[in-house]
Structure formats: C-alpha cells, structure tokens
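J.: Residue numbers (the numbering used here), protein chains in the order written: chain A, 1 to 318; chain B, 319 to 687; chain C, 688 to 941.
After the structure tokens below, expect a handful of questions from me.
Set out below in structure tokens:
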C-alpha cells in the first residue's frame with residue numbers, strides 16, 4: 001500500500017536551535033494521524049515541511065507519492081491546510097471566506113458541498129456574519145470547511161483545537177472521524193494528550209525528536225511499570241508523603257489523584273500506616289491504567305535529562 | 319483566470335469593507351485638494367482695495383463708486399502716487415490697488431478706450447484671482463452701461479491685471495500636481511505593502527502559498543484593485559481641479575494619464591518590495607511613511623523647491639522617484655509641454671519601475687522561512 | 688468554618704439587552720483551588736473582570752478579599768495576582784528584572800523584593816538563570832516563573848488562565864504541585880480553562896452556561912452525579928444537552 005506521507009531523517013535548524021532532528025515516520029492513506037507534543041516541540045515546523053511551506057535542511061520527504069522539494073506545485077493542489085491561527089479573513093463573511101477558498105483552488109462550493117455538509121451546516125445559519133465575529137468553535141468549523149472545499153487527499157491541521165471549548169473540541173473530533181469515509185488522510189497536531197485517543201495512530205514529539213509512533217492503545221501499553229493512583233483530600237501532603245517513602249519511584253499529581261509507581265510494581269503492604277504516620281488518614285490506593293500523558297512523561301524521563309528541560313522552541317514557530 | 323478574478327474580488331471586499339481604508343483612498347485626496355484650494359474662501363466680501371485715481375473725473379468717480387457699492391470691496395485708502403502701492407499692499411489690509419490712468423475720462427471719450435490697472439497681492443493667490451475677476455466683471459458691466467447711454471458704442475475700458483510678489487500665481491496651480499504625486503505614492507505603496515503583510519500576519523498567506531495560486535497571481539491580485547482605484551483617484555483629482563478651480567490640463571491629457579500609469583506602477587512595485595522585507599503591518603507602515611512619504615514631501619520639490627536645497631539634499635533627491643514625476647506632471651499640466659521635454663524623467667521612472675518589479679518578484683517567497 | 692475570600696451573591700451584569708452574568712451566586716474559600724469553567728461566550732470573562740475589579744456589576748453583591756468590587760476596586764487589585772498563559776513576563780527583560788518590576792508594581796519595598804527574589808530563585812533552582820533574558824528560557828521554566836511572580840506579593844487570590852496549556856507533561860505536573868503548595872499556604876487559586884483535564888486537578892469546579900452557573904461541586908461528585916468518568920463528559924452533558932442543534936452564536940469571544 002502506498003504511504004500518504006513517507007519521511008526519512010528530516011532535520012531542520014533555525015540558527016542555533018534544532019527544531020527537528022532526524023525525524024522518520026510514515027503515514028498510511030486515509031488514517032487520522034496525530035502529532036502529540038507540547039508547544040515548541042517542533043510540530044508546526046514539521047507540518048510546514050509536509051505542506052511544502054518549508055524545506056528541511058536534510059532528509060527526504062514524499063507526500064502523496066510526490067517529492068516535496070521538486071513536485072511542490074502539483075502537491076499543493078492536493079493538500080488542505082489549516083494553520084495554527086485559523087486562517088480566515090476576518091472582514092469577509094462566512095460565505096465569502098468559503099467561496100474565496102473555493103475559487104482559489106479552482107472549484108466551487110456547490111461541487112464539494114456533500115463533503116463539508118456535516119461541518120458547514122452548523123455555521124450555515126450565520127453565513128452572512130463576518131468571520132471575525134464568530135466564536136472560537138465556529139471559526140474552527142469554518143476554517144475546516146475552507147480547508148476541505150477542494151476535496152484534498154491530505155488534510156493537515158495544525159493545532160485545530162487550541163483555544164476552543166470542550167464541546168466544540170469534541171464535535172470537531174467527531175467530524176474528523178466522519179471524514180474517514182472520503183478516504184482523506186488527516187494529519188493533526190495537538191499539545192493536548194487526551195486528544196491522542198481520537199487518532200488512529202500517534203507520534204509523540206518532544207524537542208524535535210519523535211519519542212514513539214504507534215496506535216494510542218499501544219503507546220499506553222508501552223508504559224513500563226504498574227501505575228497506581230492514590231487519592232486523599234490533601235493532595236499536596238500526599239505527594240510529599242509518597243515521595244518520602246523508600247518504595248516510591250515516582251509520584252506526580254494527576255487530576256483528582258496522585259499517580260505513583262512503586263518498586264516491585266506492587267502496593268507496599270504497610271502503605272496506609274506509613275501515610276498515616278505523616279498525617280494522611282484517608283488514602284485510597286488502586287491500580288490504574290497509564291494514560292498517554294503518563295507514557296509521554298515516562299518517555300521524557302528515560303530519554304534523559306536533556307528532554308526534561310524543554311529547549312527554546314518558540315523561535316521555531318515564528 | 320477565474321482564480322485570479324476571485325482573488326481580485328476578495329481584495330475589493332477588503333477595501334470596501336474597511337471604512338478607514340476607503341477614507342484614506344478617497345477622502346484624503348478630495349480633502350487635500352479642497353483644503354489647498356479653498357485655503358481662502360471662494361466668496362470675497364469687503365475685500366480691502368485702494369484707489370490711485372490719477373484722473374479724478376466724473377467717470378472715474380462713477381466707476382469707483384460702482385466698484386465699492388458692489389459689496390465685494392471696501393475702500394481702504396486713496397493713494398496719491400505709484401510709490402504708495404507697495405507700501406499699502408504690504409500693510410496687508412489692502413488686497414488690491416485699482417489705478418485709473420491720467421486723463422481717464424478724456425481718453426475714453428476722445429479715443430474710445432481708457433485703461434484701468436488692477437494690481438493684486440499675489441501672495442494670496444486665490445483672493446488675488448477672485449478680486450481681479452470680480453473687478454473685471456464690474457468694469458465690463460460698466461462698459462455695457464456706457465454702451466447703452468452713450469452715443470458711441472465703441473467706448474471701452476480695458477482692465478489690465480498685474481500681480482505683485484507672485485507673478486505666475488504659482489502655488490495655486492502647484493498643489494494639484496503635488497497632491498497627485500503624494501496621494502499615489504501613499505495609496506499604492508503603503509496600501510499594497512500593508513495588505514500583503516496583513517495576510518502574513520493573520521496566517522492566511524500560509525494557506526495561499528499552499529494553494530495552486532502562483533506568486534505572480536497573488537501579487538497581481540493584490541495590485542490590480544489598487545491600480546484601478548489609484549487611477550480613478552487621479553481622474554477624480556483632475557476633475558476636481560477643473561470643475562472647482564478651473565484648472566485645466568494644458569498639455570496632452572493622454573500623455574498625462576500614461577505617465578501617471580507609469581508612476582502608479584512604480585509605486586505599486588515599491589509597495590510589494592516593502593512587503594517582502596517586512597513581516598508585520600506595523601513594519602510596513604513604518605517603512606512606507608519614513609521611507610516614502612517623508613522624502614516625497616520634503617525632497618520631491620513639492621513643497622520646498624529643489625533649487626533652494628543644500629546640494630547634499632539635491633543629490634539625495636535624485637533617488638526619490640516622486641521628484642521625477644513632479645517634473646513630468648508640472649510640465650504637462652501647467653506648462654503644457656510634450657514628451658520632448660520630459661523624456662529623460664520618464665526614462666528614469668521606467669527604469670526604476672523595472673528594477674523594483676524585478677527585485678520584488680525575486681524576493682517574493684514561495685515558501686515560509 | 689473556612690474563611691471565604693470570594694463571596695458572590697445574585698451578581699447580574701448586563702450589556703444593553705444582553706445579560707452576560709445572570710444571577711450568579713457562589714463562594715470560594717481560603718486556600719481552595721477553584722475551577723471556573725464554561726464554553727466560549729458563557730460569561731466567564733465578564734465574571735472574572737468583575738472579580739478582579741476591572742468592571743463593576745450591574746447589580747448584586749461581590750466581595751473579593753473582603754472588598755466590594757466596584758467600590759473598592761483598587762484595594763481588590765492589590766490583593767490579587769494574575770497569570771495567563773499567553774503573556775505574563777517581558778521577554779526582553781532578564782529574570783531578575785522581571786521580578787523587580789512586578790515587585791515594584793505591587794508596592795513591595797526594596798528589601799522585601801530582594802528577600803523574596805532570593806527565596807523564589809532558590810525554590811525554583813533558578814540561580815543560574817537569574818541574569819538570563821526571558822526569551823532565552825525554556826517554555827516550562829517561563830511558566831513556573833510567571834506563576835511565582837504572580838504570587839510574589841502574597842495576594843489573597845491568584846487568577847490563572849489556562850495555566851498549563853501546551854506545556855510538556857513533566858512541567859505540567861510540577862506546575863500543579865506548585866499550585867497545590869501555594870494553596871496549602873493559604874492563597875486561593877482561581878483557575879479558568881477550556882481544558883477539562885486541568886479541571887480535574889481543582890478542589891471544586893463551577894460550570895457556566897449562557898450566563899448562569901449550572902453546576903458547582905467537586906469533580907468527583909459531579910462525575911458521580913452525571914454518571915460519567917471525566918469532567919469533560921460532565922461538561923459536554925451540561926453545556927450542550929442537545930448536541931444535534933447548532934449552537935447559538937456567542938456575542939464576544941467569551
């Protein structure tokens with residue numbers, strides 16, 4: 001099967017900053033592929049290279065069977081791209097934005113209406129409204145409609161869910177799921193770990209390095225130890241107490257509980273009494289499944305201290 | 319082609335939806351023309367005039383009474399000799415002096431014609447023109463009256479007009495070419511550079527670059543609306559100058575419009591050039607204002623004549639494109655000369671345009687970096 | 688009985704015909720981590736402006752740190768700290784200069800600034816970065832520093848806007864630990880965010896919808912009440928009970 005994207009050993013530097021070092025991965029046709037990583041990890045740079053907006057310093061990249069360096073003109077016709085800041089014309093209405101992008105790509109709104117119907121119908125009642133006056137969720141839907149209007153084979157979405165509320169985010173992922181039926185390959189980047197579960201496959205990216213590439217389930221399964229969650233009303237005290245124990249390897253707050261790993265991968269027998277010694281009487285401990293974030297954290301730690309300090313990455317995003 | 323037209327349509331929407339841009343586009347040229355033109359009101363009322371009556375006869379008394387009683391004028395002084403003219407004009411209350419020659423009445427009856435001189439203060443060109451026009455009209459009316467009552471119909475008073483201080487009434491005519499020069503560089507360079515950098519700043523340029531639009535299409539799409547609007551603007555300014563101030567184009571209108579197009583093209587390419595070196599609208603505005611507008615005002619000869627500048631500025635002004643255009647447009651509009659006299663300036667402008675276009679197309683990036 | 692630092696009773700804020708805050712009533716306690724959630728345009732921004740003394744309510748009683756919002760806005764401002772993800776520190780100033788600047792803004796004396804700067808730098812293990820420009824710092828460190836600066840003047844309440852959006856998992860968890868520590872010292876932490884996994888860290892959360900508070904409890908209780916496993920699901924159930932209808936457009940950006 002032909003790969004939608006195939007890269008080997010991509011490197012990109014901006015001055016003294018290494019934005020991407022030795023990135024190799026491939027994306028299958030019509031899968032939803034997610035780049036998960038914090039701000040400054042290199043996601044945007046990678047997306048720009050894939051959309052032919054930037055050239056890598058070294059390494060090969062083929063998108064939809066075409067070479068990004070030499071065949072970028074043909075390739076650009078088949079890519080739908082939604083940059084980090086929704087690229088809409090604020091002073092054009094919803095309708096005008098959509099029509100503009102349709103003409104630019106040599107098509108019409110009518111021609112591919114079925115493709116965007118599910119998304120556009122949410123905002124069609126407000127089609128006369130200026131894009132600048134839309135809420136975040138509506139802007140996001142309009143930007144997606146615009147990126148899809150020429151029926152691209154590859155859809156590249158750079159942080160489409162940043163700054164959008166939870167409901168719109170959830171709806172957005174539902175929409176991406178529905179696009180699968182049109183055989184469109186979708187590439188999404190996001191700093192939000194929980195969104196990884198909505199992708200077919202994900203790549204965890206940090207400091208310009210790929211930490212892992214797999215299905216979200218397998219990424220979680222890669223977690224090396226048994227993970228336990230401990231709950232108590234006083235979380236701060238609990239973290240400190242757990243960290244002071246000999247059996248504890250790591251102890252981090254996670255949501256309502258504290259995620260802990262123990263030596264021997266089991267709860268120390270006298271855990272409750274040890275905690276009681278430190279004034280915690282309500283501790284409730286149970287084994288829990290590691291999430292993407294837990295795995296990401298583990299990978300960052302095993303990758304060594306250079307990963308823990310996130311390097312200057314904002315420059316790469318400008 | 320459809321892509322290109324769609325792009326141009328979008329640009330027009332941007333322009334027409336942004337009231338500030340529209341105001342800059344059309345409000346400012348009109349306002350400038352009107353402000354310059356009407357620096358003094360069109361109506362004169364009680365304008366001070368002095369009389370130097372060297373004849374003191376019945377007719378001169380009648381005529382001066384008629385002039386005063388018209389309501390437009392107010393007699394400030396009766397002068398005794400030519401020497402007083404300069405003095406009274408310098409005082410400022412008196413805007414013009416009307417002189418009846420010696421033996422005015424006798425000459426009129428005996429020879430059928432007499433001469434009356436109007437000396438106006440040319441440092442206020444608008445008032446001066448109005449005063450001379452009004453006086454001439456009153457004198458003509460008086461002539462008609464003479465023709466009706468007197469036996470001879472050949473009697474005639476010939477008014478002779480002279481301007482002090484500004485014999486050619488320069489500034490009155492100069493502001494129109496000046497405004498055209500300034501407005502065009504403002505609209506074309508500033509607006510195009512801002513509209514291109516705006517797309518960069520809002521991230522829409524990324525999507526345009528990824529689209530099948532070619533860079534040339536993007537550039538032309540950005541430039542076309544401003545080309546059209548600038549051209550309409552020039553026509554508007556010329557029409558205003560003609561209908562409101564009666565300032566005609568003395569030379570060939572076709573030549574003037576052709577030269578204007580060349581200048582617009584030059585300004586647009588400058589605008590694109592600015593946009594390729596600036597990444598934010600703020601930068602683009604800054605470069606346009608400091609780099610273009612100031613030199614245009616200061617060094618083009620629009621306000622300060624180049625001949626009066628220290629030679630350093632004279633040399634600096636050699637690279638300021640508006641300098642050449644102002645020579646061209648002054649020659650065509652006011653002196654009425656043809657291409658023969660301005661081919662050098664035209665060539666320089668054309669060369670500059672070519673260079674700017676070449677650089678900006680080379681510098682326009684097909685990628686982000 | 689715990690001490691209340693924010694007391695809001697029947698708060699109403701109208702802009703013309705539009706009611707941004709419709710009869711809000713809630714309390715926040717000393718040392719509590721309070722999550723303030725809501726969809727775009729639900730009225731969160733308006734409420735926070737009132738709580739921080741930037742805007743006064745149309746009607747209702749709002750007391751922050753013991754002061755009346757609207758009448759004693761200046762006193763409120765002295766008793767709150769603020770940090771948002773987008774901007775907090777000046778990138779072209781050094782770490783030390785930023786700390787001095789904020790200390791000065793909040794009226795700390797020279798000796799106080801010097802003393803607290805020392806404590807802060809040691810606690811963050813920041814000594815080596817003391818004279819570095821903010822723009823040279825890794826994002827994670829910037830985040831921690833801007834939080835420390837926001838509580839430098841020991842405010843009663845600190846407002847955080849999406850405090851850990853876009854940071855890496857390690858920084859993120861260290862950051863929450865800092866927040867817990869701050870709360871344990873008695874400072875109330877008021878968090879607004881779009882990200883429901885951040886909400887899970889809070890002691891109590893309120894969810895706003897169309898200008899009203901429609902839910903207010905601990906994350907655990909809310910999950911139980913709605914019989915779901917995450918705050919995100921609670922939020923979606925509340926904010927859009929009938930997801931088949933397109934949303935009403937929101938005035939303002941929320």
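We put the beta carbon where it would ideally sit given N, CA and C, even for glycine.
This one's a predicted model, so the numbers in the text were calculated from it and none came from an experiment.
With a cut-off of 7 angstroms, does the C-beta of residue 105 of chain A fall near any C-beta of chain B?
T.: Against chain B, the CB of residue 105 of chain A has a partner CB under 7 angstroms away; the residue lies at that interface.
J.: Who are the neighbours of residue 83 of chain A on chain B, taking C-beta pairs under 8 angstroms?
T.: 521, 524, 525
J.: Does any C-beta atom of chain A lie closer than 7 angstroms to the C-beta of residue 826 of chain C?
T.: yes
J.: Work out the CA separation of residue 324 of chain B and residue 502 of chain B for me, nearest whole Å.
T.: Between residue 502 of chain B and residue 324 of chain B, the C-alpha separation is close to 25 angstroms.
J.: Pull up the distance between the alpha-carbon of residue 613 of chain B and that of residue 604 of chain B, whole angstroms please.
T.: 13 angstroms
J.: Could you list which residues in chain B have their beta carbon closer than 8 angstroms to that of residue 91 of chain A, in chain order?
T.: Those within 8 angstroms of residue 91 of chain A in chain B are 331, 332, 335, 336.
J.: Could you give the distance in angstroms between the alpha-carbon of residue 883 of chain C and the alpha-carbon of residue 850 of chain C?
T.: 12 angstroms
J.: With a cut-off of 8 angstroms, do at least 3 Cβ pairs link the stretch 15 to 30 of chain A to the stretch 44 to 51 of chain A?
T.: yes
J.: Are any of the Cβ atoms in chain C nearer than 7 angstroms to that of residue 109 of chain A?
T.: no
J.: Under 9 angstroms Cβ-Cβ, which residues of chain C neighbour residue 14 of chain A?
T.: Chain C residues near residue 14 of chain A: none, gap ~14 angstroms exceeds 9 angstroms.
J.: Throw me the rounded Cβ distance for the residue 781 of chain C and residue 827 of chain C pair, which I believe falls under 8 angstroms.
T.: Their Cβ separation, rounded to whole angstroms, is 18 angstroms, which puts residue 781 of chain C and residue 827 of chain C out of contact at 8 angstroms.
J.: Pull out every residue of the stretch 187 to 204 of chain A whose Cβ sits closer than 9 angstroms to any Cβ of chain C, in chain order.
T.: 191, 192, 193, 194
J.: Spell out whether any CB of chain A is found under 7 angstroms from the CB atom of residue 883 of chain C.
T.: yes
J.: Can the beta-carbon of residue 888 of chain C be found closer than 7 angstroms to that of residue 255 of chain A?
T.: Residue 255 of chain A sits close to residue 888 of chain C, with the two beta carbons spaced by under 7 angstroms.
J.: Do you know whose CA, among C:810, C:766, C:834, C:893, lies nearest residue 734 of chain C's CA?
T.: Answer by Cα proximity: C:893.
J.: Whole angstroms are fine: how far does the CA of residue 139 of chain A sit from the CA of residue 98 of chain A?
T.: For residue 98 of chain A and residue 139 of chain A, the distance between alpha carbons rounds to 12 angstroms.
J.: Can you confirm whether residue 252 of chain A, when its beta carbon is compared against all beta carbons of chain B, has any partner nearer than 7 angstroms?
T.: no
J.: Within the 7 angstroms Cβ cut-off, does residue 77 of chain A reach chain B?
T.: yes
J.: Whole angstroms are fine: how far does the CA of residue 253 of chain A sit from the CA of residue 322 of chain A?
T.: With chain A covering only 1 through 318, there is no way to say anything about residue 322 of chain A.
J.: Does the beta carbon of residue 922 of chain C sit closer than 7 angstroms to a beta carbon anywhere in chain A?
T.: So yes, residue 922 of chain C belongs to the interface.
J.: Mind checking who residue 250 of chain A pairs with in its DSSP beta bridge?
T.: A:261
J.: Given a cut-off of 7 angstroms on the beta-carbon distance, is the pair residue 449 of chain B and residue 365 of chain B in contact?
T.: yes
J.: Residue 297 of chain A versus chain C: which residues are under 8 angstroms apart at the beta carbon?
T.: Simply 856, 857, 860.
J.: Is the CB-CB distance between residue 592 of chain B and residue 537 of chain B below 7 angstroms?
T.: no
J.: If you draw a straight line from the C-alpha of residue 417 of chain B to the C-alpha of residue 554 of chain B, how long is it?
T.: Each residue's alpha carbon lies about 41 angstroms from the other.
J.: Figure out for me which residue from C:830, C:812, C:811, C:730 has the closest Cα to the Cα of residue 39 of chain A.
T.: C:830
J.: Going by CA-CA distance only, name the one from B:374, B:563, B:476 that's closest to residue 398 of chain B.
T.: It is B:374.
J.: Since residue 714 of chain C sits in a beta bridge, which residues does DSSP pair it with?
T.: C:694
J.: Following the continuous alpha helix (DSSP H) through residue 764 of chain C, name the residue where it begins and the one where it ends.
T.: 760 to 765
J.: So for residue 359 of chain B, helix, strand or coil by DSSP?
T.: With a pLDDT of 48 at residue 359 of chain B, under the threshold of 50, the modelled position of that residue is not reliable, and the figure given next carries that caveat. DSSP places residue 359 of chain B in coil when its eight states are reduced to three.
J.: Name, going along the chain, the residues of the stretch 721 to 744 of chain C whose beta-carbon falls closer than 9 angstroms to a beta-carbon of chain A.
T.: 724, 725, 726, 727, 728, 729
J.: What is the DSSP secondary structure of residue 302 of chain B, reduced to helix, strand or coil?
T.: This structure cannot settle anything about residue 302 of chain B, because the visible part of chain B is limited to 319 through 687.
J.: Run through chain C and tell me which residues come within less than 9 angstroms of residue 117 of chain A, C-beta to C-beta.
T.: Residues of chain C passing the Cβ test: none, with the nearest at roughly 13 angstroms.
J.: How many Å lie between residue 286 of chain A and residue 732 of chain C at the Cα?
T.: 38 angstroms
J.: When you compare the CB positions of residue 244 of chain A and residue 280 of chain A, do they come within less than 7 angstroms of one another, or not?
T.: no
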